[in-house]
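Participant: Provided herewith is a single structure, encoded as structure tokens, for subsequent inquiry.
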Amino acid sequence: MSTTSQGRPSSAAETKVVDAVPKQLYVGGRWVDAESHVTLDVLDPSTGAMLCSIADASPADGRAALDAAVAAQASFSTTSPRERADLLMRAFDLLHERIDELALLMTLEMGKPLAEAKGEISYAAEFFRHFAGEAVRIDGGYQVAPNGGGRFLVSKQAVGPCLLITPWNFPMAMGTRKIGPALAAGCTSVIKPAHQTPLSMLALVDILREAGVPDGVVNVVTTTRANDVMEPLIRSGQARKVSFTGSTKVGKVLLEQCAEKVLRTSMELGGNAPFIVFEDADMDEAVEGAIAAKMRNMGEACTAANRIYVQQEIIEAFGAKLSERMAALSVGRGTEDGVRVGPLIDDVAQRKVTELVDDAVAQGARVLTGGTAPDGEGYFYPPTVLIDVPRTARMADEEIFGPVAPLTPFKDEAEVIEAANDTEFGLVSYVFTNDLRRAVRVAEAIETGMVGLNQGVVSNPAAPFGGVKQSGLGREGGAIGIDEFLEVKYIGIALA
Ligand code: NAP
């Protein structure tokens, strides 16, 4: 990739990656315009400028995509596991071959720094490698009936055509985390990426085409009319499953829609992660863990530390260290060398973070660093540390989705467990302590689907990712991730 002397990719490099992306819908193995020829604009959040226009699907386009997925289902589900594994491995290799171009594309549409975008593509590719392995390990069972009179044969079959809906914050990894197991299991799909970041998904689908995914097996619709396009597909009864990653609010709407035809669902929803630091923790390790848990993706992650509880004896020292590290993170366009914090996704996000910080300050929180959005183009917000944030602050209940670390003191284990669980969410928590007994007690008492013990990042394609309470249903990744796309079939065999 060519760069200027400042290390910023030249506009020629940027234009080249944007130009290379297909701008149409992918339906039945063909790139096609939206039937109405309407387009939607994709913007660069670091400037607000338009990157390009792409097809804006209508409900009719959605139906065509689902028809293609339904038509391809029967033959795809009978391909051999090894064929499906090989497809995934070819796509894995292509993602790595194109990692520089794909990372630049992701940075342009989503804002995250290039190094993080590369990290995401590598993480995204890993779901393909992981599920290539799982494709050839789909198992079953054989059992003698308890009365000895018959046999039970248990097998697993593809669920059927799936609707996969993904958010903007991890534009590629949230796709491969669904597409990987769907392909491995033998399911066809219609994918709907977020309207803010469709380019990474279009590039990914083109890679899947190049890897040899049969026509109709993977289809993509980009649209500004998410509900108008997806609701009829969900209610049609032609799809057998909806796998969604996004907000709890939209997840609830989809669950209601899925109820009509009793569709299988996987729901990866919002988070409100507690990050707990006990006085016996290694302070430097906890600060680094907080930076990782808070600042990945500029704080725009479901796993982001949203409430940082620090034992009262060490909160001032922890706050000083954390704010020194946060203040040193450079903010700017994600394409520039050394930038660690890119823009937020849009003006709505920037306004929400501003409101949440203002509310916490009005309720008595002190600003240790940051705290004010800069003037000028782009949707930037500086790394911010607040201390003495009361539990009544809005940010104690709502996802901040920005680079703001709110510190709240606690007295003892019982108090912090009660505070950590005082939320409708239950995706992930982080616990920093050097006391093994306490670590186990707290990890078991916290109501979250995942716990990071002395670590600020839990995401790993080989581990089961998912939440409890209103953070979701089901798990993605890990050995069990493929089960979300498989139905168990029991065949009773009479012997007498
Ligand atoms: P969102 O507003 O819920 O949107 C997610 C996706 O759903 C987008 O593609 C969106 O399309 C689509 N959508 C919205 N309304 C819909 C409807 N009525 N029918 C069908 N699709 C609809 O969430 P977001 O703002 O993109 O993402 C941020 C949220 O995702 C946060 O809450 C975050 O915690 C959560 N998240 C969770 C995980 C996890 O694994 N648990 C991972 C990442 C993010 P449009 O683009 O048209 O709006």
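Residue numbers for the sequence shown follow our numbering, beginning at 240 and rising by one.
By construction, the Cβ of each residue, glycine as well, lies at the ideal position given by its N, Cα and C atoms.
Spatial neighbours of Ala203 within its chain, please: CB distance less than 7 Å, with the 5 preceding and 5 following residues excluded, ordered by chain position.
Facilitator: As shown, the chain starts at 240 and ends at 735. That puts residue 203 outside it, with no answer to give.
Participant: Compare the Cα-Cα distances from Glu657 to each of Ala682, Met634 and Glu637 and report the closest residue.
Facilitator: Ala682
Participant: Counting pairs of Cβ atoms below 8 Å between the region 378 to 396 and the region 323 to 342, do you hit three or more?
Facilitator: no
Participant: Over what stretch of residues does the alpha helix (DSSP H) that includes Phe664 continue unbroken?
Facilitator: That residue, Phe664, is in no alpha helix (DSSP H); it is neither H nor E in DSSP.
Participant: So, is Gly246 buried or exposed, given that buried needs 16 or more other C-beta atoms within 10 angstroms?
Facilitator: No answer about Gly246 holds up, because its pLDDT of 38 lies below 50 and its placement is not dependable.
Participant: Is the beta carbon of Ile377 within less than 6 Å of some heavy atom of the ligand NAP?
Facilitator: no
Participant: So does Ile430 have its beta carbon nearer than 6 Å to some heavy atom of the ligand NAP?
Facilitator: False, no ligand heavy atom lies under 6 Å from that Cβ.
Participant: How many angstroms separate the CA atom of Ser244 from the CA atom of Val570?
Facilitator: With a pLDDT of only 34 at Ser244, under the threshold of 50, the placement of this residue in the model should not be trusted; the figure read from the coordinates follows. Their backbone Cα atoms lie some 19 Å apart in a straight line.
Participant: Considering only heavy atoms of the ligand NAP, does any lie closer than 6 Å to the CB of Trp407?
Facilitator: yes
Participant: Span of the alpha helix (DSSP H) holding Asn545?
Facilitator: Where Asn545 is concerned, there is no enclosing alpha helix (DSSP H), although the beta strand (DSSP E) it sits in stretches over Ala544 to Gln550.
Participant: My output table needs one value for Gly711: the three-state DSSP class, helix, strand or coil.
Facilitator: strand
Participant: Is it right to say Val459 is buried, meaning 16 or more other beta carbons lie within 10 angstroms of its own, or is it exposed?
Facilitator: Per the 10 Å Cβ criterion, buried.
Participant: For a test of your reading of the model: does the CB of Gly419 fall under 6 Å from any non-hydrogen atom of the ligand NAP? Yes or no.
Facilitator: Because no heavy atom of the ligand NAP lies under 6 Å away, the Cβ of Gly419 does not count as near it: no.
Participant: Taking the alpha-carbon of Asn408 as reference, which of Glu663, Ala371, Ala363 and Pro629 has the nearest alpha-carbon?
Facilitator: Ala363
Participant: If you reduce the DSSP assignment to three classes, tell me which class Ile418 lands in.
Facilitator: helix
Participant: Tell me whether Asn699, by its Cβ, gets closer than 6 Å to a heavy atom of the ligand NAP.
Facilitator: no
Participant: Determine whether the beta carbon atoms of Glu575 and Gln550 lie at a separation below 7 Å.
Facilitator: no
Participant: Which residue's Cα is closest to the Cα of Leu326: Ile418, Lys255 and Ala310?
Facilitator: Ranking the options by Cα distance to Leu326, first place goes to Ile418.
Participant: Span of the beta strand (DSSP E) holding Asp280?
Facilitator: Thr278 to Leu282
Participant: With a Cβ-Cβ cutoff of 7 Å, do Gly414 and Gly267 count as a contact?
Facilitator: Annotated as distal: Gly414 and Gly267, with beta-carbon spacing of 7 Å or more.
Participant: From Gln435 to Ala288, what does the alpha carbon distance come to, in whole angstroms?
Facilitator: Approximately 13 Å between the Cα atoms of the pair.
Participant: Classify Ser428 as helix, strand or coil using the three-state DSSP reduction.
Facilitator: strand
Participant: Pick helix, strand or coil for Ala384, following the three-state DSSP scheme.
Facilitator: coil
Participant: Does DSSP put Arg579 in a helix, in a strand, or in coil?
Facilitator: If DSSP states are grouped into helix, strand and coil, Arg579 belongs with coil.
Participant: Quick one: using the 10 Å Cβ neighbour count with 16 as the cut-off for buried, is Ile732 buried or exposed?
Facilitator: exposed
Participant: Just the C-alpha distance for Pro248 and Ala412, rounded to the nearest angstrom, thanks.
Facilitator: For Pro248, the pLDDT reaches just 41, beneath the cut-off of 50, and the residue's location in the model is therefore unreliable, leaving the point undetermined.
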